[in-house]
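A.B. asks: Sharing a structure, written as structure tokens. Questions coming.
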Amino acid sequence: MSRAARRAGAGQGVAALRLLVTLSLLRGAVEAQRHVCFAFHGRIGPQGCQVLLFAPAAKRQNCRERKEVSQVIGVLDDCLCDIESIDNFNTYKIFPKIKKLQERDYFRYYKVNLKRPCPFWAEDGHCSIKDCHVEPCPESKIPVGIKAGISSKYLKVANNTKEFEDCEQASKLGAINSTLSNQSKEAFIDWARYDDSQDHFCELDDERSPAAQYVDLLLNPERYTGYKGPSAWRVWNSIYEENCFKPRSVYRPLNPLAPSRGEDDGESFYTWLEGLCLEKRVFYKLISGLHASINLHLCANYLLEETWGKPSWGPNIKEFKRRFDPVETKGEGPRRLKNLYFLYLIELRALSKVAPYFERSVVDLYTGNVDDDADTKTLLLNIFQDTKSFPMHFDEKSMFSGDKKGAKSLKEEFRLHFKNISRIMDCVGCDKCRLWGSCRFTQGLGTALKILFSEKEIQKLPENSPSKGFQLTRQEIVALLNAFGRLSTSIRELQNFKVLLQHSSRPRCCVRERGQPLALSAASAGHWDQLAGKLSAVCEHKHLQKP
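Letter 6 of the sequence shown, counting from 1, is numbered 6 in the UniProt record's numbering, and no numbers are missing.
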């Protein structure tokens, strides 16, 4: 063999070795969605992993010709906050702490009545996944302080009970585990309801009802259940069409139950929406934002496959695009995601406003474990401090600020519409969906609205005694923080999808190596499946986490 041939062979060997080393560094990542191949649509910049959502699919001839487009950026309507600031604030300050808080005993057990009949129609819907129902948590698993019979939730009682084991996982896919320990049942009775405030925005569950059961929220994550079709459409259609101050002549974009409107891409709807007063626009955005959050969790925790009875859950990029891609949704997807950020701001503002209520020494997050309860309250107060430090809060004073009589009437109409939606939640045919609908939609968001419009009552709270002017039940507290926790997770999941979307399915794709494109055929798909997931993990770990 000639010297030139040997040099060429050596050069090829070095190049191959470099490629193998690069690939070996990417091995062992979290498995991502299967793709034929992937291509970068982001860039590493001074702000970290700058991956832009929904890069245009058309006219991508090579890496150099791809134009990065992000449709979920900039300042939100009806407020002075930008999406990038929310992303950073949530990623570095809120998400890690709220996730820990949700794991605390006080916030993981939620009491709900899933047997209330639908007041509007005979519900016949059900999850397509087997056994999508709620199984009560055993009483023995509930902290004794929550279920013990004490007269006041502010009374601290010494309790040397041992740590309770976690509820067992549901034996079948989709089932809600509500099993609790016998020891705990006696403690839950102790939470007396404080209903002094008459300004509720939702139908509160009667915690003393025989049909109400405790559920461990950690064992029943919000994820895909298969609940869809006419039954689910009817619920959402009733929420949007009958409770969002909308005339029947105006049709919501992408409504499967609406008649065909030809070339109308939804602009007529948004023209109508912009003509509404601020309060009614806010109402619609809250509902739309919550809907977007629910869909994000569905996409992020999707049933990918099930082998030998063992399910595999993970992000479903195809489903995410179907629900949020600007092309597939005719521009509706980015609007929905912006409403998610708007809802986040509303609930963030509510937490910052209610902080004084919890900062009083008389308020104790009681479960019976004194040390753990103290740690839980410290963590909660730390989160409140972070919420108060956010510089671009939504100004709720701009709402209901007209003449007193008109403002009072509009506020009551606003409250009744939202309260009616909480009753529609009883028509959801999937128990797990109803569980999270109750926690997030009705009581979580309802409590946030109650807080925002009770500023004067909160300012008058006595330091060393329970208040009769403003009060929160344990149920409202648990729902409020879990609802906000789910929103925080939604935005975090959206960041993960941004990273995953840098790898798009294409028959051919290119990766830059020292400025040279490397063409990869579809035959290499099996290897690139794993690489796509690892690149997401590497980019996220290095650039989306706090240094």
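Even glycine gets a Cβ: it sits at the ideal position worked out from N, Cα and C.
Does DSSP classify Y366 as helix, strand or coil?
C.D. replies: Correct three-state label for Y366: coil.
A.B. asks: Residues in the same chain with beta-carbon distance under 8 Å from S352, minus the five sequence neighbours each way, listed in chain order, please.
C.D. replies: Result list for S352: F384, T387, K388, F390 and H393, in chain order.
A.B. asks: Give the range of the alpha helix (DSSP H) segment to which G444 is assigned.
C.D. replies: It is not in any alpha helix (DSSP H) - G444 carries neither H nor E in the DSSP assignment.
A.B. asks: Using CA coordinates, which residue listed in G469, K460 and L416 is at the minimum distance from N243?
C.D. replies: Closest by alpha carbon: L416.
A.B. asks: I need the boundaries of the alpha helix (DSSP H) containing T91, first residue and last residue.
C.D. replies: Counting along the chain, T91 falls outside any alpha helix (DSSP H), and DSSP gives it neither H nor E.
A.B. asks: Give me the Cα-Cα distance between C433 and K228, rounded to the nearest whole angstrom.
C.D. replies: Looking at the two C-alpha atoms, the distance is approximately 11 Å.
A.B. asks: Who are the Cβ neighbours of K546 in its own chain at under 6 Å, not counting the five residues just before and after it?
C.D. replies: Residue confidence for K546 is low, a pLDDT of 40 falling below 50, so the modelled location carries little weight and cannot support an answer.
A.B. asks: Are the CB atoms of I146 and T376 within a distance shorter than 8 Å?
C.D. replies: Going by C-beta atoms, T376 is not nearer than 8 Å to I146.
A.B. asks: Quick check on the DSSP output: the beta strand (DSSP E) that includes N113 runs from which residue to which?
C.D. replies: Y109 to N113 is the extent of the beta strand (DSSP E) around N113.
A.B. asks: Please name the residue, chosen from L254, N295 and S401, that lies closest to Y224 on a Cα-to-Cα basis.
C.D. replies: Cα-wise, what sits closest to Y224 is N295.
A.B. asks: Hey, is the segment 338-348 in contact with the segment 289-305, meaning 3+ C-beta pairs nearer than 8 Å?
C.D. replies: Yes: the two stretches touch, three or more of their Cβ pairs being nearer than 8 Å.
A.B. asks: Taking 8 Å as the cut-off, decide whether the C-beta atoms of L286 and L445 are in contact.
C.D. replies: Yes, the pair counts as a contact, with Cβ atoms nearer than the cut-off.
A.B. asks: Do T447 and E413 have their CB atoms nearer than 8 Å?
C.D. replies: Not in contact: T447 and E413 (Cβ atoms no closer than 8 Å).
A.B. asks: Give every residue of the same chain whose Cβ lies closer than 6 Å to the Cβ of D105, excluding the five residues on either side of it in the sequence, and list them in chain order.
C.D. replies: Answer for D105: P143 and T367, listed in chain order.
A.B. asks: If we count Cβ pairs, one from each stretch, closer than 8 Å, do we get three or more for the segment 104-119 versus the segment 416-429?
C.D. replies: The segment 104-119 vs the segment 416-429: in contact.
A.B. asks: Consult DSSP for G437 and reduce its assignment to one of helix, strand or coil.
C.D. replies: Helix.
A.B. asks: So that I know if they touch, is there some Cβ in chain B lying closer than 8 Å to that of S312?
C.D. replies: No chain B appears in this structure, which consists of one protein chain only.
A.B. asks: Output needed for C299: all residues of its chain with C-beta closer than 6 Å, excluding positions within five of it in sequence on either side, in chain order.
C.D. replies: If we look at C299 and ignore the five residues flanking it on each side, its Cβ neighbours are N316, E319 and F320.
A.B. asks: At which residue ranges does the segment 455-514 contain complete beta strand (DSSP E) runs of 3 or more residues, listed in the order of the chain?
C.D. replies: With a minimum length of 3 residues, the continuous beta strand (DSSP E) runs that stay inside the segment 455-514 are 509-513.
A.B. asks: Determine which residues share a DSSP beta bridge with T225 and list them.
C.D. replies: DSSP, once it has assigned bridges, lists no residue as partnering T225.
A.B. asks: Measuring only the C-alpha atoms, how far is Y357 from R252?
C.D. replies: If I take the Cα positions, the gap works out to 39 Å.
A.B. asks: How should A483 be labelled, buried or exposed, when 16 other C-beta atoms within 10 angstroms of its C-beta is the threshold for buried?
C.D. replies: Buried is the call here.
A.B. asks: Tell me which residue opens and which closes the beta strand (DSSP E) that S312 is part of.
C.D. replies: Element bounds for S312: K310 to G314.
A.B. asks: Bridge partners of R213, per DSSP?
C.D. replies: The question names Arg, but residue 213 is Gln in the sequence shown. According to DSSP, Q213 bridges with V112.
A.B. asks: Would you kindly work out how many angstroms separate the C-alpha atoms of E274 and R281, rounded to a whole number?
C.D. replies: When rounded, the distance between both Cα atoms is 7 Å.
A.B. asks: Closest by CA to S249, which one among A232, P256, D82 and W272?
C.D. replies: That would be W272, whose Cα lies nearest to the Cα of S249.
A.B. asks: Assign G333 to one of two classes, buried (16 or more other C-beta atoms within 10 Å of its C-beta) or exposed (fewer than that).
C.D. replies: So G333 ends up on the buried side.
A.B. asks: Whole angstroms are fine: how far does the CA of A374 sit from the CA of R322?
C.D. replies: Answer to the nearest angstrom: the Cα atoms are 45 Å apart.
A.B. asks: Between the C-alpha atoms of F324 and P96, what's the straight-line distance to the nearest angstrom?
C.D. replies: C-alpha separation (whole angstroms): 26 Å.
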